Structure formats: structure tokens, C-alpha cells
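Read the structure below first, then the notes.
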Amino acid sequence: MIKLATWNVNSVKARLGHLTRWLEAAKPDIVCLQELKCQADDFPALEVKALGYFAEVAGQKSYNGVAILSREKATEVVRALPGDKSDEQARYIEATIGGLRVASVYLPNGNPAPGEKFDYKLAWMNRLTSRAASLLESERVFALAGDFNVCPTDEDVFDPAAMAVDALCRPESRARFHALLNLGLTDALRALHPAGHLYTYWDYQQRRWQNGEGLRIDHIMLSPQAADRLAACAVDKRPRGEDKTSDHTPVVCELAF
DNA sequence: ATGGTAGCCTTGCTA
8 MIKLATWNVN SVKARLGHLT RWLEAAKPDI VCLQELKCQA DDFPALEVKA LGYFAEVAGQ
68 KSYNGVAILS REKATEVVRA LPGDKSDEQA RYIEATIGGL RVASVYLPNG NPAPGEKFDY
128 KLAWMNRLTS RAASLLESER VFALAGDFNV CPTDEDVFDP AAMAVDALCR PESRARFHAL
188 LNLGLTDALR ALHPAGHLYT YWDYQQRRWQ NGEGLRIDHI MLSPQAADRL AACAVDKRPR
248 GEDKTSDHTP VVCELAF
């Protein structure tokens with residue numbers, strides 16, 4: 008069984024204690040991290056190595072930054088999303104661990120919409136869809152896991168009316184998320200929990216966590232052959248309840264390999 | 001009432 012997780016940690020340096028505690032408790036095999044907010048050289052590689060994890064990092068000063076932690080060493084590492092060589096934001100890393108191709112993705116937020124940032128988000132999503140299509144063509148078994156900054160449906164939003172014009176919920180964003188589903192990818196959490204509110208993010212402001220007012224924006228998207236192996240998937244809410252924690256919490260799935 | 005929180009290491013930007 009492979010335990011695969013994704014977590015937007017909102018600064019890996021500020022959250023090193025949260026991360027190491029969670030790794031020790033949850034014991035995942037592969038972890039996709041987002042919003043490291045540091046350069047690759049500043050990633051706490053020794054600390055995660057001490058817990059038995061290799062780390063592959065695409066870093067950036069202050070903003071963005073993604074990584075893949077794995078018990079088995081990753082190979083064939085790609086540190087950028089294909090399709091725009093002028094894109095310097097560290098939002099994508101892809102690698103092979105065992106027989107599984109894994110990508111840690113940090114999609115642009117896209118607010119305010121409309122505007123340049125929204126245009127960048129939509130273009131980035133088009134590139135992600137192209138990449139997923141290429142991986143499918145190559146018949147790779149793969150997972151795209153990360154902060155997609157998209158609430159796929161109103162069920163994934165505590166206040167759909169208030170969020171309707173937000174870049175996370177706008178129809179252009181949702182259409183591109185659904186394009187991934189139309190390619191044949193499976194939203195792992197919804198595959199096993201089709202109905203009901205499930206959240207992975209609660210804003211720091213306005214007591215959203217305490218009030219249970221969140222969004223589901225962190226997803227694990229599986230290729231058909233990976234989805235055939237899907238045995239379990241859940242949101243691990245415990246880390247969100249800790250002091251000085253990330254505004255996101257991990258999503259974890261188990262694949263029967 | 002255009003706030004409120006958090007992390008960056010700028011004195012504002014991003015989320």
C-alpha cells in the first residue's frame with residue numbers, strides 16, 4: 008500500500024515542527040508540499056531526511072515553492088510545468104517514485120478576477136491539462152496532488168453565494184478543473200466521498216476554522232490506472248487545529264500497489 | 001465599516 012498525501016504548509020520554515028510531527032504521526036510514503044516560501048537551498052532537507060524522507064524541491068524566495076518527499080528516492084525529476092519557458096514561478100515539480108509518476112502542483116490563486124492574475128491562472132490550468140494529456144498518452148500511472156485553488160462545485164464552499172465571483176469558484180476555473188476530469192482523471196476524495204461538505208482550507212480571518220467555514224481546494228487527481236488502485240482517501244483535519252499552523256490541512260489517499 | 005490574519009524580510013505583496 009502506498010500512502011500519498013498533499014499539504015500546503017504556508018512556509019515550510021515556519022511550519023517545520025508541524026510538518027515533522029505530522030510525518031511521524033501519519034507516516035505517509037509520498038508527500039506533495041506547496042507554498043514552501045523558500046529557495047531550494049533553504050529547504051530543511053536534513054530534518055526530513057532524519058525522518059526517512061528524500062526531498063526534491065522547486066524553490067523560490069518568499070513565494071510559491073513546491074516539493075515531493077518520498078521514502079524511496081525519486082527519479083526523472085522535472086521542476087517546471089511545460090508550456091511556458093518564461094514562467095519563473097515555482098509551482099510544479101514532477102518525479103517518479105517506484106512505478107508512480109507524481110506531481111506536486113500549486114495552482115495560481117487568480118484573484119482579483121478578471122485581471123492579469125486570473126488570465127495567468129487560466130493559462131496555467133491549460134498547460135496543466137496539456138501535461139495531464141501527455142502523461143495519459145504515455146500510459147503512465149500518475150497522480151497530480153496539490154493546492155489547485157479551485158472549488159470544483161458549490162458543495163466544496165461554505166458560502167457559495169459570497170464566493171461566486173471569486174477566482175476559486177468562477178466558471179472559467181471550474182471548467183478547466185472539469186477538463187481534467189473529462190480527460191479521465193479521478194478526484195480521489197470525491198470518488199470515495201461523493202456527497203457532503205469536505206474542506207481542506209480555512210481562512211485565518213474571521214474565525215473560519217472555529218466556525219467550520221472552509222473550502223475544498225486541495226486535491227489528489229489520479230490517472231485511470233492509479234484510480235483503479237484507490238483504497239482510501241480522507242482529509243486529515245488534525246494539523247489545522249494546532250497553534251500557529253497552516254491555513255490548509257493534508258489530504259491523504261491510499262493506493263493498493 | 002473595504003476591515004480582518006499570516007508569512008515574507010518589503011515597509012507592500014501575496015494569499
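Per the numbering used here, the first sequence starts with residue 8, numbered consecutively.
Note that the Cβ used here is the ideal one computed from N, Cα and C, for glycine as well.
Since this is a predicted model, take the numbers as computed values, not measurements.
(request) Report the option in 263, 69, 9 and 165 whose CA atom is closest to the CA atom of residue 235. (result) Checked all of 263, 69, 9 and 165; the closest Cα to residue 235 is 263.
(request) Would you mind working out which of 44, 8 and 38 sits nearest residue 101, comparing C-alpha positions? (result) 38 is the residue among 44, 8 and 38 whose C-alpha sits nearest the C-alpha of residue 101.
(request) Grab me the residues of residue 64's own chain with a C-beta within less than 6 Å of its C-beta, minus the 5 sequence neighbours each way, in chain order. (result) Residues 47, 50 and 74 of the same chain have their beta carbon placed closer than 6 Å to that of residue 64, with the five preceding and five following residues left out of the count.
(message) So the candidates are 105, 204, 110 and 78; which of them puts its Cα closest to the Cα of residue 89?
(response) Sorting 105, 204, 110 and 78 by C-alpha distance to the C-alpha of residue 89 places 110 at the top.
(message) Just verifying my parser: in three-state terms, what is the DSSP assignment at residue 98?
(response) Three-state DSSP puts residue 98 in coil, outside helix and strand.
(request) Give me the Cα-Cα distance between residue 131 and residue 115, rounded to the nearest whole angstrom. (result) So the two alpha carbons sit approximately 8 Å from each other.
(request) To the nearest angstrom, report how far apart residue 173 and residue 120 are at their CA atoms. (result) Distance from the CA atom of residue 173 to the CA atom of residue 120, rounded to whole angstroms, is 7 Å.
(request) Could you pull out every residue in the same chain whose Cβ sits closer than 8 Å to the Cβ of residue 147, ignoring the five residues on either side in sequence? (result) These residues qualify, in order along the chain: 108 and 230.
(message) With a threshold of 8 Å, are at least 3 pairs of Cβ atoms found where one atom belongs to the region 188-195 and the other to the region 132-140?
(response) Segments in contact, yes.
(request) Return the first residue and the last residue of the beta strand (DSSP E) that residue 83 is part of. (result) In the DSSP assignment, residue 83 falls within the unbroken beta strand (DSSP E) covering 82-85.
(request) Express the C-alpha separation of residue 243 and residue 259 in angstroms, rounding to a whole number. (result) Looking at the backbone, the Cα of residue 259 and that of residue 243 are separated by about 7 Å.
(request) Hey, could you find the ends of the alpha helix (DSSP H) residue 24 is sitting in? (result) Looking at the DSSP string, the run of the alpha helix (DSSP H) that includes residue 24 is 23-33.
(message) Once DSSP output is grouped into helix, strand and coil, what is the label at residue 8?
(response) Correct three-state label for residue 8: coil.
(message) On a Cα-Cα basis, can you pick out the residue from 183, 78, 181 and 91 that is closest to residue 36?
(response) When each option's Cα is compared against that of residue 36, the closest is 78.
(request) Assuming residue 18 and residue 42 form a contact by the criterion Cβ under 8 Å, report the distance between their Cβ atoms to the nearest whole angstrom. (result) Sure, about 7 Å apart at Cβ, within 8 Å.
(request) Since I believe residue 155 is in contact with residue 85 (beta carbons under 8 Å), could you give me their beta-carbon distance rounded to a whole number of angstroms? (result) A Cβ-Cβ separation of about 19 Å leaves residue 85 out of contact with residue 155 under the 8 Å criterion.
(request) Return the CA-CA distance between residue 58 and residue 181, expressed in angstroms with no decimal places. (result) Each residue's alpha carbon lies about 38 Å from the other.
(message) Rounded to the nearest angstrom, what separates residue 135 and residue 177 at their Cα positions?
(response) Going by the C-alpha atoms only, they are around 18 Å apart.
(message) Output needed for residue 252: all residues of its chain with C-beta closer than 8 Å, excluding positions within five of it in sequence on either side, in chain order.
(response) Cβ within range, chain order: 22, 25 and 246.
(message) At the level of alpha carbons, what is the spacing between residue 125 and residue 32?
(response) Roughly 38 Å between the two C-alpha positions.
(message) Whole angstroms are fine: how far does the CA of residue 145 sit from the CA of residue 250?
(response) Distance between the alpha carbons of residue 250 and residue 145 is about 44 Å.
(request) Mind reading off the beta-carbon distance from residue 254 to residue 209? Whole number of angstroms is fine, and I expect it under 8 Å. (result) Distance from residue 254 to residue 209 at the Cβ level is roughly 6 Å; contact confirmed, criterion being Cβ atoms closer than 8 Å.
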